[in-house]
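Novice: Residue numbering for the sequence shown is 6 to 591, as defined by the working numbering.
I'd like to ask you about the structure that follows.
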Amino acid sequence: MIPNEFINDLLNRVDIVDVVGQYVQLKRAGANHQGLCPFHNEKSPSFTVSAFKQFYHCFGCGAHGTAVGFLMEHNGLTFVEAINDLARQAGMTVPQDKPQSPQQIQAQIAQKVRTQNLGQVLTEAATFYKQQLREHPHAIAYLKRRGLSGDIAQRFGLGFAPFEPTLSSVFDDYNESSSLLDAGLCKQREGQNRRYDFFRERIMFPIRNTKGQIIGFGGRVLDKSEPKYLNSPETPLFQKGQELYGLFEARSAISQQQYALIVEGYMDVVALAQAGLANAVATLGTATSTAHVQKLFRFTDTIVFSFDGDSAGRKAAWRAMINALPLATDTRTIKFLFLPPEHDPDTFVREKGADAFAAEVQTAMTLSQFLLFGLNQAAPDGSAEARARQLHLAKPLLQSLPNGALRTHIIQALAAQLNSTPSDVSEYCELNAALRPRKNAREKTKRIAPPTSVERALDLLVAHPQIASHANPHVWQHLPQHQALTHLIELLQAQLHLSPAALQLQLEQSDYADWYQYYLQKHLREPAPMSEEDATTAYIAIEKQLERDALDAALKQLAQKMTADTSVKAEYTRLLRERAKLNNAS
Numbered sequence: 006m007i008p009n010e011f012i013n014d015l016l017n018r019v020d021i022v023d024v025v026g027q028y029v030q031l032k033r034a035g036a037n038h039q040g041l042c043p044f045h046n047e048k049s050p051s052f053t054v055s056a057f058k059q060f061y062h063c064f065g066c067g068a069h070g071t072a073v074g075f076l077m078e079h080n081g082l083t084f085v086e087a088i089n090d091l092a093r094q095a096g097m098t099v100p101q102d103k104p105q106s107p108q109q110i111q112a113q114i115a116q117k118v119r120t121q122n123l124g125q126v127l128t129e130a131a132t133f134y135k136q137q138l139r140e141h142p143h144a145i146a147y148l149k150r151r152g153l154s155g156d157i158a159q160r161f162g163l164g165f166a167p168f169e170p171t172l173s174s175v176f177d178d179y180n181e182s183s184s185l186l187d188a189g190l191c192k193q194r195e196g197q198n199r200r201y202d203f204f205r206e207r208i209m210f211p212i213r214n215t216k217g218q219i220i221g222f223g224g225r226v227l228d229k230s231e232p233k234y235l236n237s238p239e240t241p242l243f244q245k246g247q248e249l250y251g252l253f254e255a256r257s258a259i260s261q262q263q264y265a266l267i268v269e270g271y272m273d274v275v276a277l278a279q280a281g282l283a284n285a286v287a288t289l290g291t292a293t294s295t296a297h298v299q300k301l302f303r304f305t306d307t308i309v310f311s312f313d314g315d316s317a318g319r320k321a322a323w324r325a326m327i328n329a330l331p332l333a334t335d336t337r338t339i340k341f342l343f344l345p346p347e348h349d350p351d352t353f354v355r356e357k358g359a360d361a362f363a364a365e366v367q368t369a370m371t372l373s374q375f376l377l378f379g380l381n382q383a384a385p386d387g388s389a390e391a392r393a394r395q396l397h398l399a400k401p402l403l404q405s406l407p408n409g410a411l412r413t414h415i416i417q418a419l420a421a422q423l424n425s426t427p428s429d430v431s432e433y434c435e436l437n438a439a440l441r442p443r444k445n446a447r448e449k450t451k452r453i454a455p456p457t458s459v460e461r462a463l464d465l466l467v468a469h470p471q472i473a474s475h476a477n478p479h480v481w482q483h484l485p486q487h488q489a490l491t492h493l494i495e496l497l498q499a500q501l502h503l504s505p506a507a508l509q510l511q512l513e514q515s516d517y518a519d520w521y522q523y524y525l526q527k528h529l530r531e532p533a534p535m536s537e538e539d540a541t542t543a544y545i546a547i548e549k550q551l552e553r554d555a556l557d558a559a560l561k562q563l564a565q566k567m568t569a570d571t572s573v574k575a576e577y578t579r580l581l582r583e584r585a586k587l588n589n590a591s
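Here it is in structure tokens:
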């Protein structure tokens, strides 16, 4: 865990305008900065960055967040990676939350050195492979036969691993280096103190993470021998179930095309990029995992899987669909493209061209179509037994889907396919509230739009966190949104010196994130300058007014109930005295 104190200090030292400005051309617009949104295509700038609130918001696509959130979304980083990136920019070292023993510190240092050494040998190997490609005409001729140019080979860093020379010509410690073995670049000969290169006579595809660092390799044979592909083993840098080939190179095109294409081979990715379809990525010899899909959804809301049209391709597509289901929300699109059995993306685009492939993408099956088609194909005869089997197969799939409009429509379509009713399907599949789609964040925030007095109080609290020490959370309890307000006040009272950016980050991670998001995007403006004393006075005045309003409402209610009941009269008199005290205090 990274200590909150460090995160607060870090966000105090960085400016979101500088962070976002590394990726987006920003122009000053009043108190804020504006530019073209990096998360969707637009011609007029709707992307706003507030230096005061240390917050960005796009009025076109709704993207929003802090500097940390921007790095996570734009660069595909985890929270910890984004914090580390910001710390590096600020010249700070990320500390640990708890004191560590000397052994733990030593182990961490050793792990860091090992990781650094892995990265270094992989980078040096990539340089060697690129040099060898230039020196082996038959490897260049192979790439040309596959329709690949020198420019595309350079863009993807393609290389060649020959039988001779070997990596021993690069690494003086070839027979001793543990890093070379860990990286899978060489193997130890059994019973001997000699090694041999793992990749030999193969076109080499460097695998990069989203930062562009080389973390492994894929190697493809030049002939029809097997195995066609070899991949680096898993290391602290490289986990096949987490990484996608070509994602680093495809990020910009994915944003421009507004969808990502997942294919099965490295050569498919490079061939599509050669044809101008640069938004393709590939899995690394494994089935598409939920982590793969989740990583891609950081860059786009639409994913198209491309598989061969044979039975093996459809089985792979079905496995991919199962792993994608938990992430299939109402705002995301997942499609499945099946090429003719005689083609893969590489051969298709070389024979028919990019336009023909793009046209095929337009005909791709939606997730709901593929799911329903697959269920029907599993038991197509229309008998009661077949319908029961379909329902049995559908149960875990529907349970994996997030509760929402998409699941509702799939239930309705499946019910029609089975000649049943949506309620029967839901009951059998044990789906709670399956037919009640979730309200989206925008609907929720519209319903709880805060009144003007609350907006003013929030402006003051965000601009001057120290005044929370004078706040009384109980004053707000008669308002519908008091839980969110109480949370904010208690958060500030516990950490009076929170910076605006650190405050935004904590609010984003709270249970009331939707409400705060609504407030922040409505209040991107910088409030008028005000001293701490004036801000405190203004805030206390708002709370006093709320107390008066609450007392007036209670008095009005009691006046309507006024009878001979002495207890009601006594309560009415007590409230009148309280009201008088408030008036005198102001």
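Every residue, glycine too, gets a C-beta built ideally from N, C-alpha and C.
(1) Give the single residue among Ile472, Gln488 and Gln471 whose Cα lies nearest to the Cα of His479.
(2) In the DSSP assignment, what residue or residues form a beta bridge with Gln193?
(3) Between Glu86 and Ala555, what straight-line distance do the alpha-carbon atoms span, to the nearest angstrom?
(4) Beta-carbon within less than 6 Å of Ala329's beta-carbon, same chain only, minus the 5 sequence neighbours each way: which residues are those?
(5) If we require 4 or more residues per run, which alpha helix (DSSP H) segments fall completely within the segment 79–142?
(6) In angstroms with no decimal places, state the Cα-to-Cα distance between Lys32 and Gly40.
(7) Would you tell me roughly how many angstroms separate the C-alpha atoms of Ala92 and Arg18, rounded to the nearest one?
(8) Under the three-state reduction of DSSP, which class applies to Ile7: helix, strand or coil?
(9) Would you mind sorting Asn198 into buried or exposed? The rule is 16 or more other CB atoms within 10 Å of its CB.
(10) With distance defined between alpha-carbon atoms, name the residue in Val175, Arg412 and Met77 nearest to Asp335.
(11) In whole angstroms, give me the CA-to-CA distance for Ala473 and His492.
(12) Quick one: any contact between the segment 260–269 and the segment 279–299, if contact means 3 or more CB pairs under 8 Å?
(13) In three-state DSSP terms, what is Ser515?
(14) Going by DSSP in three states, Ala454 sits in which element: helix, strand or coil?
(15) Can you pull the DSSP bridge partners for Ser154?
(16) Restricting to Cα atoms, I'd like to know which of Phe310, Ala361, Leu423 and Ala421 is closest to Met370.
(17) Between the Cα of Val54 and the Cα atoms of Lys48, Gly67 and Asn46, which residue gives the shortest distance?
(18) Between which two residues does the beta strand (DSSP E) containing Asp273 stretch?
(19) Can you tell me the Cα-Cα spacing of Val25 and Ile88, whole angstroms?
(20) Just to confirm the assignment: which complete alpha helix (DSSP H) runs, minimum length 4, are found wholly within the segment 294–363?
(21) Going along the chain, which residues of its own chain have a beta-carbon closer than 7 Å to the beta-carbon of Tyr134, five neighbours each way excluded?
(22) Given that a residue counts as buried once 16 or more other Cβ atoms are within 10 Å of its Cβ, and exposed if not, what is His475?
(23) For Leu190, which option in Thr240, Lys216, Thr215 and Tyr147 has the closest C-alpha, if you only look at C-alpha atoms?
(24) Taking 8 Å as the cut-off, does the segment 141–158 touch the segment 175–185 (at least 3 CB pairs, one atom from each stretch)?
(25) Taking the alpha-carbon positions, what's the Leu332 to Gly409 distance?
(26) Any idea if Glu448 is buried or exposed, counting beta-carbon neighbours within 10 angstroms, 16 or more meaning buried?
Specialist: From the atom records:
(1) Gln488
(2) Arg200
(3) 47 Å
(4) Val298 and Ile339
(5) 84–95 and 107–139
(6) Cα to Cα, Lys32 sits roughly 6 Å from Gly40.
(7) 9 Å
(8) coil
(9) exposed
(10) Arg412
(11) 11 Å
(12) yes
(13) coil
(14) Residue placement at Ala454 cannot be trusted, given a pLDDT of 43 that sits under 50; what the coordinates show is reported in the next sentence. In the structure shown, Ala454 sits in coil (DSSP, three-state: anything other than H, G, I, E or B).
(15) Ser154 is not bridged to any residue.
(16) Phe310
(17) Gly67
(18) Element bounds for Asp273: not the beta strand (DSSP E) but the alpha helix (DSSP H), Tyr271 to Gln279.
(19) 15 Å
(20) 295–301, 316–329 and 350–357
(21) Gly164, Phe165, Ala166 and Met209
(22) exposed
(23) From the listed residues Thr240, Lys216, Thr215 and Tyr147, the smallest Cα separation to Leu190 is found for Thr240.
(24) no
(25) Cα-Cα distance, rounded: 12 Å.
(26) Note on Glu448: pLDDT 39, under 50, position unreliable in the model; the coordinate value appears next. Around the Cβ of Glu448, a 10 Å sphere holds fewer than 16 other Cβ atoms; the residue is exposed.
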